[in-house]
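Residue numbers (UniProt numbering): 1 to 81. Don't be surprised by glycine CBs; every beta carbon is placed ideally from N, CA and C. Since the structure is predicted, the reported quantities are computational estimates derived from the model, not experimental observations.
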Amino acid sequence: MQRKVIQKTQMKIPKVMKMIDLTDSCYDYRYEAPKAKVYTHCDVCGDPIYVGDSYYEILNDERMNVCNDCINTFKTIAGED
Ligand SMILES: [Zn+2]
């Protein structure tokens with residue numbers, strides 16, 4: 001007869017949520033590619049959201065515009081945290 005022992009570990013493993021590429025800043029981009037029309041800005045990271053881009057509107061107390069990059073950082077897998 002086997003009995004399963006469930007161990008609860010208190011270890012916290014730091015997670016790297018996103019990669020930041022410092023060589024590719026939005027300021028450099030702005031001067032090199034001014035053709036794309038900025039529709040609005042992401043309320044999380046502040047990056048521009050261009051006309052034709054998809055983004056997310058989150059309605060809470062206020063409306064938030066969230067870009068694709070930020071929404072991906074919010075994504076998590078249930079039970080694996
Ligand atoms: Zn964003």
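Rounded to whole angstroms, the separation of the alpha carbons of ALA78 and TYR55 is 23 Å. Cα atoms of VAL44 and ASN60: separation of roughly 14 Å, rounded to the nearest angstrom.
According to DSSP, THR40 shares a beta bridge with ILE49. The continuous beta strand (DSSP E) containing ASN65 extends over residues 63 to 66. Rounded to whole angstroms, the separation of the alpha carbons of THR73 and ARG63 is 19 Å. Per DSSP, ILE58 is one residue of the beta strand (DSSP E) stretching across 56 to 59.
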